[in-house]
Each structure stands twice: as C-alpha cells, then as structure tokens.
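To start, the structure itself, in structure tokens.
Number of protein chains: 2
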Amino acid sequence: MKLLEQRILREGILLEGDVLKVDSFLNHQMDVELLHEMGKEFYTYFKNQNINKILTIESSGIGIAVMAAQFFGCKVVFAKKGNSSNVGNEIYSCKEKSYTRNVEYTVQVSKKYVNENDRVLILDDFLANGEALNALIDICRQANAQVIGCGIAITKTYQPGEKRIQDMGIPVYSLARIREMKNGSIEFE
Amino acid sequence: MKLLEQRILREGILLEGDVLKVDSFLNHQMDVELLHEMGKEFYTYFKNQNINKILTIESSGIGIAVMAAQFFGCKVVFAKKGNSSNVGNEIYSCKEKSYTRNVEYTVQVSKKYVNENDRVLILDDFLANGEALNALIDICRQANAQVIGCGIAITKTYQPGEKRIQDMGIPVYSLARIREMKNGSIEFE
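Chains as they are written, first to last, in our numbering: chain X, 20 to 208; chain R, 20 to 208.
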C-alpha cells in the first residue's frame, strides 16, 4: 500500500535493536484518515471471505481493527494482556513472549466472544517474530473458530513471523513489507 | 444517549465491588456501530469548539476516540500505561491510581504529540473516581495544551470524579450517567 509505505519513509524512525518507530501516525498518535484507508484495504482483500469477527490485541491493533470493522460490518474483540481482573474466569489464554519489550505476557480472551461459528480476521500493527499473532491463532483454535487470515500493517519479512503463519496454511496480507532496515534506510519488498 | 442506556440495561452485568461489566459491546468485544453513534454524539456536542486533538488512554478509550476523530477530522493520541519502552525519553507523565484494579500506573504521552497549540477533547469509557482523566488533564497542563472538555461513555455520578473535573472548570459530557446500581438494577439520572 503506497500510502503507508510513503508515510513510513517520511516519518518512521529507525532505532537501535531493529526498532522502527511509527508513533507519529500508527501506535501512539494515530492518523485516523490513514487508518480508514488501511481498513478499506483490508476489506478489499478479504471481503469475499464471510468474515464475521475481527480479533486484535491491545493496544496498537485496536484503531486499525475498529476502522476495518466499519467496512466488514462486524464486531471487534481485542485480546487483553496480563492478568486483567475484568476479563472474568471463563477465558481462553495463551503465553506470548514480546521480543521488543523482553517480557512474557498472558494473552486472554473471554470465552463468550469467540466461538465455533466465527470466521475470524486477525489484525495487528506489526509482524516480526509472530508471537502475538501466534497467541491469537492459538486462542481461535481453542475456541474452534476459523482463522480466515491475518492482516498486518507492517511486516518485517526478514524475521520469521510471516513464514511461520503462512506455514500453518493461514494467508497473511501485509500493507507494507519491509525487506531490510540498514544504515538508516528502509527497503520494501 | 438512549441507545447506550438501553444497551447497558440489556447487556451490562453488575458484579461485586460496584463493577459494571459492559465487555460485550464496549471494552473487550466492541460493537463498532454503537461506537460510531457515540462518536457522532460527542461531535454533535463539541463540534463548535475547534477541537484539533483527541486524547485518550489505552486500551478501552481507543475505539471510542478513533470513531469520534472521524467526525472531528483530527488525530488521536492515546496515553500509555506503565513503563513502555517504546514511548522514548521525551515524555509527559503522571501517576494514576486505578481503584478497579488497585494498582498505580504511570501514564505517559510523548512530548511530540501534545503541545500548546492543541485544543484537546479527552475521551474515555468510564468516569468514577476520575483518576485517569485527572492524569490526562495534568499531562495537557504540562504541555500547555487547552482541555476543551471531557467526553465519557459511562459516568457513575455517585462517585466523586465528575464533580472533581467540573470543579476545575472543565465541561464533562457523559452519554450515560448512572445515579445508582443496587440489587442488580441500574438507575440513570
């Protein structure tokens, strides 16, 4: 998606440790017009798949998920990290190791909101190692829900996550696929 | 807002400790059509105030904020809780004590995304003691940004938060104002 790639080139900041900061438009400050276009793009790609639920994970995925859901006309469920006292006892859960923050989370979804009738599109902002997506896919399997595909804003294709998900037979559609980040420059596939 | 009140009566669940669970439509599963109507309602109320930024706090405020921002045509900034390694060093921060979870957070916003030119609408899902709103208002003051008002989905008017904010001279517009929750029933103002 050219619009997103251009924005990454213009505003993205490369930091030590393979970190790409896009917090001026995606995951701290959010450019809602851009999110709208991204939601529309996910809809264009997945619209014939009878998706009836969008699953994401707090917090950065929520904006993208809500925008996309407007096009799909479906509900969003966002998984919670950690031991939220508000989720209740009847939950599906899975461990996730975040490489960015070097901590392990428990990812939780109430059993009430994902079930065997769901055709789920999983959306998130970044795909690198794929730990977060993996946890969400695991939760869908526990619920006997069908994962139709994953939609990602920014995928680092030189990391193992994209291939891991595809090897499970799940389509991954990424709006910007980064092949290399080196010496302050970003190359897309 | 009748639509929200009806939904609370139909799907809200009262738990021990003055907890109202609305996670079937607002803060775990999200009914995006309802969020859209809520965003429109906030716009109708604040549209003549030249608001150019919406500030909220992760995670439950994000969906409401993004929807409202579509109407205002402005950007959203969501404050982060805890010590996020991704925010950077140049931050405004404030302590917040959550009564629901009985923990203290640090609330953080990058200095890049709130400044003295901003006319800010603060949006959140719940107002009870007002700790989260208080932290967001404090951050706006540190940034010399002007807080035009607060928009809240559900306010418990028998708790001190609403009055605390109004006593600062900041208008609070709540879509559902709960006067009492007792014996499994909910009464609105």
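For glycine and all other residues, C-beta sits at the position ideal for the given N, C-alpha and C.
Assuming M15/X is part of the alpha helix (DSSP H), what are its boundary residues? Since the displayed chain X opens at 20 and closes at 208, residue 15/X lies outside it and no answer follows.
In angstroms, rounded to a whole number, what distance separates the CA positions of K59/X and F90/X? 6 Å
Span of the beta strand (DSSP E) holding I110/R? Under the DSSP assignment, I110/R falls in the beta strand (DSSP E) whose first and last residues are I110 to S117.
Chain R contacts from the stretch 53 to 80 of chain X (Cβ-Cβ distance under 8 Å): L54, H55, E77 and S78
Skipping 5 residues on each side, what residues in its chain have a beta carbon closer than 8 Å to that of E123/X? K114, E115, K116 and S117
With DSSP run on the structure shown, which of helix, strand or coil describes Q185/R? helix
Between V85/R, R120/R and S129/R, which lies nearest to N108/R when the distance is taken from Cα to Cα? N108/R has its Cα closest to that of S129/R, out of V85/R, R120/R and S129/R.
Nearest-angstrom Cα separation, counted from Q185/X out to N202/X: 30 Å
Give me the Cα-Cα distance between Q48/X and C93/R, rounded to the nearest whole angstrom. Within the model, the alpha-carbon separation for Q48/X versus C93/R is close to 11 Å.
Beta carbon proximity, V85/R to chain X, threshold 8 Å: Flagged as an interface residue toward chain X: V85/R, by a C-beta distance shorter than 8 Å.
If you measure from the beta carbon of Y235/R to each beta carbon in chain X, is any gap under 8 Å? Not covered by the structure: residue 235/R. The range shown for chain R is 20 to 208.
Taking one C-beta from the stretch 74 to 84 of chain R and one from the stretch 141 to 158 of chain R each time, how about it: are there three or more such pairs within less than 8 Å? yes
Within chain X, the residues that D50/R reaches when beta carbons sit closer than 7 Å: K94
Is there a Cβ from chain X that is less than 8 Å from the Cβ of D186/R? no
If you scan the stretch 139 to 185 of chain X from start to end, which runs of the beta strand (DSSP E) of 3 or more residues do you find wholly inside it? You should have 165 to 175.
Which residues, in chain order, does the stretch 129 to 142 of chain R contribute to contact with chain X at a C-beta distance below 8 Å? S129, K131 and Y132
Does DSSP put E30/X in a helix, a strand or coil? helix
Looking at the secondary structure, which residues open and close the alpha helix (DSSP H) in which Q89/X lies? G80 to F91
Minimum Cβ-Cβ distance from A164/X to chain R less than 8 Å: Closer than 8 Å: no.
S129/R - partner residues in DSSP beta bridges: Answer is I110/R.
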